[in-house]
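Per our numbering, the sequence shown starts with residue 19, numbered consecutively.
Everything below concerns the one structure shown next.
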Amino acid sequence: MDAKDERREHYKHSRPIATRWRDNDVYHHINNVIYYEFFDTVINGYLMEAGGLDFSAGDQVGFAVETHCQFLQPVQFPDVVDACLRVGKLGNSSVRYEIGIFRRDDEAPAAVGYFVHVFVDRLTGAPMRISGRLRAAMEALLA
């Protein structure tokens, strides 16, 4: 599917995120790096809430190994965006999240992208199977 054809209903979870004054750049739109903060916020919020991921004491952590963002239309302060999330692929120790960023008043995405985590043992850094509640939360978002 072409990125411009993506719609909110193609995603299974969303989180509203208010833009901040400091997010704007000299071109009066949200700077490109902020979109990756949107990605982190929707992914990690979901993993903590639905998957029970414990970043400070859990036995596994997700390391980002690949990211991509395609910008389709500008967003600027004081927009509120909906960061929409689905899982495109779920392996034994890795997951590819697919994200759409939508302005509240627009059905067409402002940006689309993906983010790949590999889950590893917190102590050894070795890849670790995603299991239990965390895996169930990811399976619930499979496209």
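All residues carry an ideal CB built from backbone N, CA and C; glycine is no exception.
G80 and H135 have their C-alpha atoms roughly 5 angstroms apart.
Here T142 is exposed: its Cβ has fewer than 16 other Cβ atoms, across all protein chains shown, within 10 Å. Taking a contact as a CB-CB distance under 8 angstroms, the pair R114 and V98 does not count as one, their CB atoms being some 27 angstroms apart. Between the alpha carbons of D100 and Q94 lies a distance of about 13 angstroms. A contact between stretches requires three or more CB pairs, one per stretch, nearer than 8 angstroms, and the segment 136-156 meets this requirement with the segment 70-87.
Straight across, the Cα-Cα distance linking P145 with E24 is about 32 angstroms.
The three-state secondary structure of F95, taken from DSSP, is coil. Taking C-beta atoms as the reference points, R140 and D58 fail to come closer than 8 angstroms. Setting aside the 5 residues that flank it on each side, R26 is surrounded in the same chain by S32, D100, C102, G118, F120, E125, each with a C-beta closer than 8 angstroms to its C-beta; the list follows chain order. A direct Cα-Cα distance of roughly 30 angstroms separates A128 from S111. Less than 8 angstroms separates the beta-carbon of C87 from that of Y53. Judged by DSSP in its simplified three-state form, R33 adopts strand.
Under a 10 Å Cβ-count criterion, L160 is classified as exposed, with fewer than 16 other Cβ atoms of the shown protein chains found around its own Cβ.
Every alpha helix (DSSP H) of 4 residues or more that sits fully in the segment 48-87 is shown, in chain order, as 50-67.
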